[in-house]
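Written below as C-alpha cells is the structure these notes are about.
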Amino acid sequence: MDYVLTLMPSMLKGWTVTLQIFFIVLIFALPLGVIMGIARLSTFKPLAWFMELYVWLFRGTPLLLQLLFWYFGLMAVGLRLEREMAVYVAFVLNYAAYLAEIFRSGIQSIDKGQYEAADVLGLNRKQTMSQIVLPQVFKRVMPPIGNEVINLVKDTALVYIIAMSELSRAARIHAVRDENLIPFAIAAVFYLLMTAIVQQFFKWLESKLDYYR
Amino acid sequence: MAMLQATDIHKKFGHLKVLKGVSLQVEKGEVIAIIGPSGSGKSTLLRCLNRLERIDQGCIEIESETMAKNGPKGWAVYSDEKDIERMRRKMGMVFQNFNLFPHKSVLENLMLAPVLVNGMGKTEAEKIARELLDKVGLSFKADNYPFELSGGQQQRVAIARALTLNPSIMCFDEPTSALDPELTGEVLHVMRDLALEHMTMIVVTHEIGFAREVANRVIFMDDGLIVEQGTAEEVLLNPTQERTKSFLGTVLMAR
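Sequence order for the protein chains is F and P.
Quick note on our numbering: the first sequence kicks off at 44 and runs consecutively.
Quick note on our numbering: the second sequence kicks off at 18 and runs consecutively.
Here is the structure:
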C-alpha cells in the first residue's frame, strides 16, 4: 500500500495530462465532426468528394502513425509542432473523421418527410437543419458517439509514442524502474474510473433525450 | 379569378412519365377531390403544385402570379426563388404520414412556422396555435409529443399546423391512407369543417364517400392524365368513361 502511495503523485500528474488531451480533443472534434458530416452530404460535389477522401485517409491509417506524422514527420521537413499541438492535431483530425461518418449516417437516417414538412412550412435550409434535422440526429447518434468517446479515453495512451507523459507512460516508467506490474494495474483502475464516468454520463444523456420517440 | 391554374403539366421520373399533360384550374372556395388508382400520378400532381416536385413542362400560376412556365426551349422555367417561396406560403400541405416533428410538442409544432418564417412573437404565435388546436379539437394535447397521439390525432395536428400560415389553398395528399379505418372519421370531420368555412381545398383521396359528400368537383386520373371530371354526382354516380367505371367498380366492391 505504501508502494502504491509513492506512485500516486506521478500517476496523478500523468492522469491530468490524459484528461487534458481528452477534453481538448472532444471540444474540437465534436463540432468539427458535425460540420464534416454535413459537408460530406453537400450537393457541391467537390466538397463531398474531398470529405470522402479525408475520411478514407484519416480512418484508413493507424492513429499511431498519424501521431508520428504530425510530430516527427513534420519535424523532418522543418515544420516543428509542439508536442501537445501535434497530439491535438492528430487526435482532433482523426476523431473528426469517425464522428463525421456517424453524423453523416445520422443525418441520412432522418425521414425525407421531415425535410418536406419543413419545406412546405417555409423553413429555409439552415432552419431545417438546426431546428428539425440535427436535434433528431443528436438523439440517434448518441450511442455510437458514446462508443467513440470511450475509445478516446483509451486512445490517449497512444501519445506515449512521442514521449508525452500521460497516465500510461507514467505507469510504464514506474513498472520498468521497479520491475513491478502494479503501476499498470493502477493505470487500469484509472482508465476504468474514467470510462465509468463517461458511460454514466451517456446513460444520463440518453435518458434526457428519451422524452420523444 | 382562379386561385390556381396549372396548364399542360408534364413530369418524368427518369424514363417514367408520371404526368402526361394535366391541366387543372381551381376557383376560390372550391373543394376538389382527385381520385384514381395508385400510380395514376395524382399525388405527383399535388406535389408539383407546391413545388415539392419540379415540373418538366407546363405552366403553374397561383393567384395569377407565375410560378413556372415554359421557356424558349420548351422546358418549364421557374420564377425567382423569393417569389416562389411567397407563392408557396399560400398553400398548406398535409401529408399521408403526417410528418409532425417528433422532438417538438404539439404546440411547438404549430408555433414553429409563424415564429421562424413570419417572424411572429412567441405570445402571438402561441395564441394562434391554441386557437387552431381548439378548432381541430385537440387543445388538451397541446403539451404532448406526437408519439403520444393516435394517428388520427396526429393528422389533425398536422392540419392545424398547415393552417398556421393562414393559407388560401389547402392540399391534402391521401390524408387518411395511413390511418386505421376507425380513425379516418375524425380527420374527415375536420376537413369537412374546413370545407364549410369555404377553404379552397385539393384532396387526393381514396375516400369515395368523402369525395361524394364534400367535393364540388371530382377528378378521376389514370396513367398520368385526367380521364374524367365533373360534379361528384357526374363522376361517381354516372361516369361516362370505361376506366372510371371499372375503377369505381373495384373500389366500391372492396367496401
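Beta carbons: idealized from backbone N, C-alpha and C, even for Gly.
Note that the structure is predicted; figures quoted are calculated from it, not measured.
message: Can you find the residues in the same chain that come closer than 8 Å, C-beta to C-beta, to F/M172, ignoring five residues on each side of it along the sequence?
response: Excluding positions up to five away in sequence, the list reads I81.
Residues in the segment 53-71 of chain F with C-beta within 8 Å of chain P's C-beta atoms, listed in sequence order? Taking 8 Å as the Cβ-Cβ cut-off against chain P, none of the residues of the segment 53-71 of chain F qualify.
For this session: Verify the CB distance criterion: does P/A130 have a CB-CB separation below 7 Å to chain F?
Result: yes
Original post:
Is P/Y162 close to chain F, meaning its C-beta is less than 7 Å from at least one C-beta of that chain?
Top reply: yes
Review point. Between the segment 41-58 of chain P and chain F, which residues of the former have a C-beta closer than 7 Å to a C-beta of the latter?
Key: none
Practice prompt. Please state if the CB of F/E191 and the CB of F/T61 are separated by a distance shorter than 7 Å.
Written response: no
For the alpha helix (DSSP H) that F/I193 lies in, which residues bound it at each end?
In the DSSP annotation of this structure, the continuous segment of the alpha helix (DSSP H) that includes F/I193 starts and ends at 177-198.
Residues in its own chain within less than 7 Å of P/R105 by CB, not counting five upstream and five downstream?
-> N67, R68
* **Within chain F, partners of P/N273 - CB distance below 7 Å** => Residue coverage of chain P in this structure runs from 18 to 272, which leaves residue 273 of chain P outside it and unanswerable.
| Leaving out five residues before and five after P/F115 in sequence, what residues of the same chain have Cβ atoms less than 6 Å from its Cβ? | Q171, Q172, A175
Checklist line | C-alpha gap between F/R102 and P/S167, whole angstroms | finding: 44 Å
query: At a CB-CB cut-off below 9 Å, which residues of chain P make contact with F/A200?
result: Going along chain P, no residue has its Cβ under 9 Å from F/A200, so there is no contact; the nearest lies around 37 Å.
Given P/V220 as reference, the closest of P/F30, P/V39, P/R64 once Cα atoms are compared: When each option's Cα is compared against that of P/V220, the closest is P/R64.
Can you round the beta-carbon distance between P/P192 and P/V111 to whole angstroms, since I take them to be within the 8 Å contact cut? 5 Å
message: Pop quiz: F/I229 and F/V77 are said to be a contact at Cβ under 8 Å. What is the actual Cβ separation, rounded to whole angstroms?
response: In fact, because the Cβ distance is near 36 Å, the residues do not count as touching under 8 Å.
Can you check which of these residues, F/I205, F/L90, F/A200, F/G57, is closest to F/M118 by C-alpha distance?
Here the closest residue by C-alpha is F/I205.
Item to complete: Report, in whole angstroms, the separation of the C-beta atoms of F/I153 and F/Q170, which I expect to be a contact under 8 Å.
Response: The pair is not a contact, with the Cβ atoms about 15 Å apart (cut-off 8 Å).
Exercise for the section: Identify the contact partners of P/V153 in chain F, using a Cβ-Cβ distance below 9 Å as the criterion. Expected result: Within 9 Å Cβ-Cβ: nothing; P/V153 doesn't reach chain F, min ~17 Å.
So that I know if they touch, is there some Cβ in chain F lying closer than 7 Å to that of P/M110? So yes, P/M110 belongs to the interface.
Out of P/M20, P/V35, P/A228, state which residue places its alpha-carbon closest to the alpha-carbon of P/L41. If you compare the alpha carbons of P/M20, P/V35, P/A228 with that of P/L41, the shortest gap goes to P/M20.
- Item | Min CB distance P/F189 to chain F below 7 Å | Not one beta carbon of chain F lies nearer than 7 Å to the beta carbon of P/F189.
**Asked** P/L33 bridges to which residues according to DSSP?
**Response** P/F30
- Query: Where do the ends of the alpha helix (DSSP H) carrying F/F66 lie?
  - Reply: 45-83
- [ ] Take P/N87 as the anchor and find which of P/E148, P/G109, P/A23 has the nearest alpha-carbon.
- [x] P/A23
Identify every residue that forms a DSSP beta bridge with P/V39.
Looking at the DSSP assignment, P/V39 forms a beta bridge with P/I26.
Original post:
Taking all protein chains shown into account, do 16 or more other C-beta atoms lie within 10 angstroms of the C-beta of F/P226, making it buried, or fewer, making it exposed?
Top reply: It counts as buried.
Exercise. Can you give, in chain order, each stretch of the alpha helix (DSSP H) that sits fully within the segment 103-190 of chain F and has at least 4 residues?
Worked result: 106-111, 126-151, 155-163
message: If we define contact as Cβ-Cβ less than 7 Å, is F/G149 a contact residue for chain P?
response: no
task: Using the DSSP secondary-structure output, state which residues sit across from P/A93 in a beta bridge.
output: P/N87
Exercise. Are the Cβ atoms of P/G109 and P/A179 separated by less than 7 Å?
Worked result: Result yes, Cβ atoms of P/G109 and P/A179 sit closer than 7 Å.
Q) Skipping 5 residues on each side, what residues in its chain have a beta carbon closer than 6 Å to that of P/A335? A) Examination of residue 335 of chain P is not possible in this model, given that chain P is present from 18 through 272 alone.
*Below 7 Å between beta carbons: does that hold for P/T222 and P/A50?*
Yes, the Cβ-Cβ distance between P/T222 and P/A50 is below 7 Å.
> Looking only at C-alpha atoms, which of F/W92, F/I145, F/S211, F/F71 sits nearest to F/M128?
Replying inline: Sorting F/W92, F/I145, F/S211, F/F71 by C-alpha distance to the C-alpha of F/M128 places F/F71 at the top.
Using a C-beta to C-beta distance shorter than 8 Å, which residues of chain P count as neighbours of F/V180?
-> Simply none; closest approach about 10 Å.
- Query: Going by the beta-carbon positions, is the gap between P/D25 and P/G56 smaller than 7 Å?
  - Reply: no
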